[in-house]
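The numbering of the sequence shown is the working numbering, which starts it at 12 and goes up by one. Using N, Cα and C, we set each Cβ at its ideal position, and we do this for glycine too. Below: one structure, written as structure tokens.
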Amino acid sequence: MLSYDSHALYNWKLYDKNQGITLTNIIRLENFYGGIDEDWFVLVHIAIEAQSAPGLQAILDAFNAVLHDDQQKLLSVLNIMSNTLKIMGDILKKMPEKCDSYIYYNRVRNMQNIHQLEEIYGHAGAASMLDLFGSKFIFRVSDQQTAHKSALMLGEQEIIETQENLSYGANSMRDGVNMHSLEKRKLLVMPSEIMNLPDLTCYVKLMGNFPITKLQMNLQT
């Protein structure tokens, strides 16, 4: 399961350590698809988180101001909170600059659990959305149903087995051999393999006629 912390909050570094956390001074350590759309989507969130700090402190200061009936202090910290929200909103408005909604929706977007989609969109809606997913990065899940559906998304292979049956008649002249082919389908990756993936390891299926692969990532600190 891919968490927001590992995907965003602990997955970046500064270009220039002497400068602050801004959109022009941060870079991701690890990515999946590798395009600017994916990186920009996450970097915008990191920048928003960084700029939210004064507002979080202002919330605590506002509680203290109310407890001490300090109206002047309360007004001051409310202004800080308002300004912080504006800055965060301005950063969010930069999202379309380098993150195309079509590319992100069809090639980068991910989910953590099939039940999340079904709860919001229903069974039919969730199935329709899964069909639209392009590139897929499937990490370890603990839910067996999600693991099974993830395995189906990775694909199946057809196996043709030839079976031979012997028949014996009352006379040796009636003995014979019957042969027929039996077609079977087998998952390329079993649900149990998905449920037992190590940390920072996933199965990758890209758009197009590409084979699935198992990806092991290294966490840099």
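Alpha-carbon to alpha-carbon, residue j and residue i
i: His18; j: Gln174; result: 50 Å
i: Asp142; j: Val55; result: 28 Å
i: Arg151; j: Glu129; result: 19 Å
i: Leu163; j: Leu198; result: 7 Å
i: Ala135; j: Gln127; result: 13 Å
i: Asn220; j: Ser139; result: 21 Å
i: Tyr26; j: Glu172; result: 58 Å
i: Leu211; j: Leu226; result: 8 Å
i: Trp51; j: Lys195; result: 44 Å
i: Ala137; j: Gln168; result: 25 Å
i: Ile59; j: Leu103; result: 7 Å
i: Met12; j: Ile205; result: The pLDDT assigned to Met12 is 44, lower than 50, so where the model puts this residue is not dependable; a value taken from the coordinates is nonetheless given after this. Going from the Cα of Met12 to the Cα of Ile205 covers about 10 Å.
i: Met228; j: Leu89; result: 43 Å
i: Asp81; j: Ile149; result: 52 Å
i: Gln155; j: Ser203; result: 8 Å
Host beta strand (DSSP E) of residue i (start-end)
i: Thr25; result: Note on identity: in this sequence residue 25 is Leu, with Thr being the wrong assignment. From DSSP, the beta strand (DSSP E) with Leu25 extends over Trp23 to Leu25.
i: Gln30; result: Where Gln30 is concerned, there is no enclosing beta strand (DSSP E), given that its DSSP letter is neither H nor E.
i: Leu86; result: Here Leu86 belongs to no beta strand (DSSP E); instead the alpha helix (DSSP H) covers Gln82 to Leu103.
i: Leu217; result: No beta strand (DSSP E) contains Leu217, which DSSP labels as neither H nor E.
i: Leu226; result: Thr224 to Gln227
Test item: CB-CB of residue i and residue j under 8 Å
i: Ile125; j: Lys160; result: yes
i: Val200; j: Ile223; result: yes
i: Leu34; j: Lys105; result: yes
i: Ile98; j: Gln62; result: yes
Cβ shell of residue i (< 8 Å), same chain only, five flanking positions each side left out
i: Arg39; result: Asn22, Trp23, Asp50, Val53 and Leu54
i: Glu108; result: Trp51
i: Ile57; result: Ala19, Leu20, Trp23, Ile32 and Ile37
Residues near residue i in its chain [Cβ-Cβ closer than 7 Å; skip 5 each side]
i: Gly166; result: Leu199 and Ile223
Residue i: first and last residue of the uninterrupted alpha helix (DSSP H) it sits in
i: Phe52; result: Ile47 to Gln62
i: Ile205; result: Pro202 to Met206
i: Leu40; result: From DSSP, Leu40 is part of no alpha helix (DSSP H); its letter is neither H nor E.
Nonlocal neighbours in the same chain, by C-beta distance under 6 Å from residue i, ignoring five residues either side
i: Ile114; result: Asp48
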